[in-house]
Each structure stands twice: as structure tokens, then as C-alpha cells.
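Numbering (this note's numbering), first residue to last: 13 to 411.
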Ligand SMILES: [Ca+2]
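What follows is the structure, given as C-alpha cells:
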């Protein structure tokens, strides 16, 4: 009986391989032409629609530059159907806006239809937004995104965005929001975004985001936002931001179940209104001349800040870790806070609590100038300072 079983398996494998390769849609076959001035939007849209019509498959973008332009008043321009992998050959497969995209708004290159989408992978592509603005200033178009996942009345589920180079968008490289669940953004390199690199929001039951191994390259413009940013979270649950490299700070607020771990950040890590929040193993290097704290968290409920390395630039007057609450806008304190095992080198107070109910300051190593405080506490209740770590004071202001 054994040989018969084996042959059955081989037939099944062969059939599976055939069915997968049959469902590949090359954009060239739908009229796209690389490396010329002709607009390829309709051809790519046709390839995506053909893939969707058979229930899914792979849409392939070969090496070359393909021109994508806005088709209507709003977008997404290209709608990826369910059960589809959109992939290229890496950075040589370029989907690019013409420069005139910088003159108007709502160019959103890759997204989905209003009915939502499931089971999508976007990988091995280079998205170029054609931005010509040298810096973010109020009034420039700021809603021109690379990838835009957002469904106010539908679900966007099981989406993987990986191994992409996304640059020159006069908005965000990747924007994720309403209706999004189980979204993975992995190994994405970004450059010259005018607003945020990766922008995440919530709404309509959004939950379960993972952002890992992403980074921004050295910019030749001045972005207005952060490398990674969570805002307008609207009940967003379970966000993990792990092992990214951020040249432009990491800001995340309003999340229940937030993990910020093992990132290397130039600038600061900041976030208000997070509950059940762990910040661990990050390296934060302050920028020269910066004045805001290296880490700052407001209205947290259930916050552990553990085993991070924080280093301000020489001569800066940054506080290390600042945890606060009870302002005139919001009467809630930060609650149930633990700060331990951190190395903090800065020019002001090491750890500052202001408007906190329930905190333990464990063992931290703090290096600050002479005359500055390791730990400062004001308007706080139920604070236990076990601070058994080393404290080093230098005569100069250099941390
Ligand atoms: Ca073309």
C-alpha cells in the first residue's frame, strides 16, 4: 500500500504547484510598460482585478519603473483584492508617482476597496511618491500615502507588508487605521516622508498590529513627523513595536496592550493614554539641543519602563524619564508605574514623576550633572523609591 500513498501525495503536490503558478498575473501582460513616460495605472489595476476575479493569486511587478497616477478625486488608486500577494523583484520594481503628485492631495497608492480585504501580502516592491517639498510646512499636501489601509464600515484583516522601500511621499509611507486587524509591517525601509513613516490609528474594532525590523534611511528633506506614530487610537488594542530603528522618534498613544521593545531611536519615545504598556530594552539617543524628556508618558495605567538605555546629547538639558498625569485637561493620574533597570545619562533630572498614583522606582543607573536629582516626585501618592542603583554625578554638564 505504501507506494500508492506516496504517489497520491506527489500528485497532490504537483497539482498544488500548478494551481499556484497558474494564478500569477504579470502587469506587463495587462499593458504596463517599464521605464517610459506612459501611465501604467490602468494596466496594474487590470492585473489586480483579474487576480481578484479568480479569487486571488499573485500579481507580479517585474523590475522597472511604472508610473502610477491618481484616477479620481480620492483613492486608493490601486485596490488589492483578497487572497492576493502583490510582489516585485525588490527595490528594482518601482511604482512611482510623477512629480505633480506633490501639488494635490489624496494620492494613496496601494489600498483596498470599500468592502475591505482579507489575506493580503505586499512585498519586494519600491514605492516612490515623487515628493518635491524640501520640508513639512502647513498647507502642503499631506495625505499622499504609499500604503493606505482604512475601512470605516468594513474589515481589513490579515495583511502583511514586508521587504519594501517606500520613499518620497508627501504624507505617510504606510497608514493603517479603521477596521484593521492582524496587520504585520516588517522589514520596511523608509525615506523622505513628509509626515509619518508608519502611521497607525484605530477605530471600528482595530487591533493586533505588529511593526518590526523597520527603519528610516537618512533623509534629504525635513519630515514633519515621526518614524513610527500611533495617534487617534480610538480603542486600539494590542500593538507591538519591536526591533525597529527610528531616526525621527517613536510616538504612540491611546493603546491598550502596547509593547515597545528593543528599538533604537534617535530623538525620543513618547506616548499618552496607554494602558497595559511595557517599554523595555530600547536605546534612545537624544538629539543635540533637544529639551523634551528622552522618554515621556502621560496618563498611563499599568506602565513598566525597564532595561532601557537613555543618553542625551552633550550639553542638552533633557530629563531622562518623565511620567505625568493630573493636568487641567485631564484629572487622571498615571497609575501603577514601575521604572527599573534603566541606564539614564542626561543633563537634568534622571526620573521625574508628576501627578502619579502608585509607582515603584527600582534599581536604575543614573548619570547626571552635579546638583541634579536622580528622582524627583511631585503631586504623587503611593510612590516607593527603592533606587538602589548607582548614581554618578559629574562636575560638568556633560552627561
Ligand atoms: Ca509605463
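Just so you know, even glycine gets a beta-carbon here, dropped at the ideal spot from N, CA and C.
Please list the terminal residues of the continuous beta strand (DSSP E) segment that includes residue 192. 192-203
Could you pull out every unbroken alpha helix (DSSP H) segment of at least 4 residues lying fully inside the segment 215-294, listed in chain order? none
If you reduce the DSSP assignment to three classes, tell me which class residue 370 lands in. Note: residue 370 maps to strand in three-state DSSP.
Span separating the alpha-carbon of residue 99 from that of residue 284: 37 Å
To test your reading of the DSSP string, which unbroken beta strand (DSSP E) runs of 3 or more residues are found completely within the segment 303-332? 307-310, 313-318 and 321-323
Spatial distance of residue 395 from residue 300 (CA atoms): If you take the alpha carbons of residue 395 and residue 300, they lie about 32 Å apart.
Roughly how many whole angstroms lie between the Cα atoms of residue 8 and residue 56? With the chain covering only 13 through 411, there is no way to say anything about residue 8.
For residue 169, the nearest candidate out of 154, 146, 152 and 129 (CA to CA): 129
Of the choices 220, 316 and 234, whose alpha-carbon is the least far from that of residue 7? The chain is shown only over 13 to 411; residue 7 falls outside these bounds and no answer can be derived.
Could you tell me the distance, in whole angstroms, from the CA atom of residue 29 to the CA atom of residue 97? A caution first: residue 29 carries a pLDDT of 47, below 50, which makes its placement in the model too unreliable to give a value.
Residues near residue 133 by beta carbon distance below 6 Å, same chain, minus five either side: Only residues of its own chain outside the window of five on either side were considered, and among them 97 and 172 have a CB closer than 6 Å to the CB of residue 133, listed in chain order.
By the three-class DSSP mapping on this structure, what secondary structure does residue 168 have? strand
Same chain, Cβ closer than 6 Å to residue 38, five either side skipped, listed in chain order: If we look at residue 38 and ignore the five residues flanking it on each side, its Cβ neighbours are 72.
Whose C-beta lies closer than 7 Å to the C-beta of residue 387 among residues of the same chain, with five residues either side of it excluded? 362, 363, 373, 397 and 399
Status (buried if at least 16 other CB within 10 Å, exposed otherwise) for residue 331: The residue in question, residue 331, is buried, as its Cβ has 16 or more Cβ neighbours within 10 Å.
Where residue 199 and residue 273 are concerned, what is the direct C-alpha to C-alpha distance, given to the nearest angstrom? 16 Å
Nearest-angstrom Cα distance between residue 302 and residue 162? Roughly 34 Å separates the two Cα atoms.
Could you name the residues of the same chain whose beta carbon sits closer than 6 Å to that of residue 33, not counting the 5 residues immediately before and after it, in chain order? The pLDDT assigned to residue 33 is 47, lower than 50, so where the model puts this residue is not dependable; a value taken from the coordinates is nonetheless given after this. Contacts found: none.
Considering only their Cβ atoms, is the gap separating residue 74 from residue 105 smaller than 8 Å? yes
Under the three-state reduction of DSSP, which class applies to residue 115: helix, strand or coil? Residue 115 sits in a helix when the DSSP states are folded into three classes.
Less than 8 Å between the beta carbons of residue 222 and residue 196, yes or no? yes
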